[in-house]
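Note sheet for the following structure.
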Amino acid sequence: MQKPLLSPNHRGKYLKEFKLDGAMADKELYLIAYRDFENKEVDQGTWIKALTLHEGDKEKARWAYMRMRVEQLERDPQILKSVAASDYSGGIMMWISVIIFIGLMVIAAVFDFMGMEFHWENGLYFLDIPSLLIVVAPAILFGVAATSWKAFGRSWTLPLGSLKKVSLQDARSTSRCLQVMGNTAFIMGVFGTLIGVILILQVLEDSSMLAAASAVAIITLFYGTFFKLLAYVADQRVRNLYLGGSEPLEE
2 MQKPLLSPNH RGKYLKEFKL DGAMADKELY LIAYRDFENK EVDQGTWIKA
52 LTLHEGDKEK ARWAYMRMRV EQLERDPQIL KSVAASDYSG GIMMWISVII
102 FIGLMVIAAV FDFMGMEFHW ENGLYFLDIP SLLIVVAPAI LFGVAATSWK
152 AFGRSWTLPL GSLKKVSLQD ARSTSRCLQV MGNTAFIMGV FGTLIGVILI
202 LQVLEDSSML AAASAVAIIT LFYGTFFKLL AYVADQRVRN LYLGGSEPLE
252 E
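Using this note's numbering, the letters of the sequence shown correspond one by one to residues 2 to 252.
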């Protein structure tokens with residue numbers, strides 16, 4: 002298999018040797034192809050073709066791989082998107098939407114619409130650290146396991162920041178990470194609620210604890226649904242901006 006990284010000398014050598022022709026054939030495309038090796042996200046199909054072309058010579062195969070990747074970048078108009086660095090409108094709108102969403106959830110939890118007053122102590126009913134860990138920790142771990150830590154990092158920067166120039170492969174891995182995290186969070190919320198219900202059924206004779214136990218059991222589903230919604234919206238933003246609205250899991 003390919004070496005995980007290319008040395009700085011190799012990188013400079015590649016960029017000097019490549020002949021850049023056409024409007025899209027600039028160093029930016031070759032740097033994106035180079036980062037496939039740097040980020041350990043080499044497209045296996047293209048790498049196998051390059052190895053076959055040069056009969057297993059990995060050094061020559063790397064050159065061929067980078068040329069083929071640049072050709073792919075030039076052919077696919079959806080691979081790269083870029084805007085001026087000062088254009089933060091989309092990222093700002095995403096932040097505003099998240100803040101408004103959380104604000105409405107808080108108001109619904111602590112505001113008494115009958116008495117028209119706030120009861121901030123009601124917010125504590127929605128705080129349960131064990132339930133939060135049951136939902137969030139597996140979601141992050143499975144998201145990273147399915148993609149990479151770099152994809153997890155991009156799952157924050159791509160949806161919440163301004164538009165960036167990224168490769169199609171990076172955008173797909175980010176979308177996949179968001180999907181896995183959202184689905185895992187929701188499923189863990191369901192599992193947590195089922196576990197709570199099972200425990201409640203074991204102590205039905207103690208009716209004094211039934212209401213509190215039921216609330217704790219349901220709150221994991223609340224957390225799971227909450228994070229599923231956030232991940233879904235973030236994934237839709239990534240797909241719309243970087244994948245042209247296409248399904249990222251369909252190769």
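The beta-carbon is built from N, C-alpha and C at its ideal position, and this holds for glycine as well. In this text the structure is predicted, and so the values were computed from the model without any measurement.
Original post:
Looking at the structure shown, is E72 part of a helix, part of a strand, or coil, going by DSSP?
Top reply: Note: E72 maps to helix in three-state DSSP.
Original post:
In angstroms, rounded to a whole number, what distance separates the CA positions of M117 and G225?
Top reply: C-alpha separation (whole angstroms): 30 Å.
Original post:
Does the Cβ-Cβ distance between T221 and V137 come in under 8 Å?
Top reply: Cβ atoms of T221 and V137: not closer than 8 Å.
**OP:** Please go through the same chain and pick out, in chain order, the residues whose beta-carbon is closer than 6 Å to the beta-carbon of L52, but skip the five residues on each side of it.
**Re:** Taking C-beta separations shorter than 6 Å and ignoring five residues to either side along the sequence, the partners of L52 in its chain run A62, following chain order.
Original post:
With DSSP run on the structure shown, which of helix, strand or coil describes E56?
Top reply: Looking at E56 - three-state DSSP - the assignment turns out to be coil, as it is neither helix nor strand.
**OP:** State buried or exposed for L142, treating a residue as buried only when at least 16 other CB atoms are found within 10 Å of its CB.
**Re:** Exposed, since its Cβ has fewer than 16 Cβ neighbours within 10 Å.
**OP:** Out of A212, A216, I108, Q73, point me to the one whose CA is closest to L30's CA.
**Re:** The residue among A212, A216, I108, Q73 with its C-alpha nearest the C-alpha of L30 is Q73.
**OP:** Might you give, ordered along the chain, the residues of its own chain that have their beta carbon closer than 7 Å to the beta carbon of G154, omitting 5 neighbours on each side?
**Re:** Excluding the 5 residues flanking it on each side, G154 has no same chain C-beta neighbour closer than 7 Å.
Original post:
Does the region 227-244 come within contact of the region 168-175, defined as at least 3 CB pairs closer than 8 Å?
Top reply: Yes, since at least three Cβ pairs between the region 227-244 and the region 168-175 fall closer than 8 Å, the two stretches touch.
Original post:
Nearest-angstrom Cα distance between V239 and K50?
Top reply: Computed Cα separation, rounded: 29 Å.
**OP:** Could you tell me if L202 is buried or exposed, where buried requires 16 or more neighbouring beta carbons within 10 angstroms of its beta carbon?
**Re:** Result: exposed.
Original post:
G162: which of L195, P139, I97, S132 sits nearest, CA to CA?
Top reply: Cα-wise, what sits closest to G162 is I97.
**OP:** Look at A232 and L179 and say whether their C-beta atoms are less than 8 Å apart.
**Re:** For A232 and L179, yes; Cβs fall inside 8 Å.
**OP:** Give me the Cα-Cα distance between L125 and V111, rounded to the nearest whole angstrom.
**Re:** Taking the Cα positions, L125 is about 9 Å away from V111.
Subject >> Alpha-carbon spacing of W157 relative to L205, whole angstroms >> reply: Computed Cα separation, rounded: 43 Å.
Original post:
Roughly how far, in whole angstroms, is the beta-carbon of A186 from the beta-carbon of A140, given that I think they are within contact range, below 8 Å?
Top reply: With 8 Å as the limit, A186 and A140 qualify as a contact, their Cβ atoms being about 4 Å apart.
**OP:** Provide the residue(s) that pair with F119 in DSSP beta bridges, ordered along the chain.
**Re:** Answer is F112, bridged to F119.
Subject >> Whole alpha helix (DSSP H) elements within the region 136-204, 4-residue minimum >> reply: At a cut-off of 4 residues, the continuous stretches assigned as alpha helix (DSSP H) that sit fully inside the region 136-204 are 150-161, 169-203.
**OP:** In the DSSP assignment, find the unbroken alpha helix (DSSP H) run with G225 in it and report its ends.
**Re:** Counted as a single uninterrupted DSSP element, the alpha helix (DSSP H) harbouring G225 occupies residues 211-243.
**OP:** Determine the direct distance from the alpha carbon of D44 to that of L32, and round the result to whole angstroms.
**Re:** So the two alpha carbons sit approximately 15 Å from each other.
Original post:
Buried or exposed: G144, going by 16 or more other Cβ atoms within 10 Å of its Cβ?
Top reply: That one is buried.
**OP:** Give me the Cα-Cα distance between D171 and A152, rounded to the nearest whole angstrom.
**Re:** The alpha-carbon atoms of D171 and A152 are separated by roughly 7 Å.
**OP:** Would you tell me roughly how many angstroms separate the C-alpha atoms of A86 and L128, rounded to the nearest one?
**Re:** Here A86 scores only 35 on pLDDT, less than 50, and its place in the model is too uncertain to base an answer on.
Subject >> Of the listed residues D58, V234, F227, G193, nearest to A214 (C-alpha basis) >> reply: Nearest option by C-alpha distance: G193.
**OP:** Whole angstroms is fine: what's the gap from W48's alpha carbon to M95's?
**Re:** When rounded, the distance between both Cα atoms is 37 Å.
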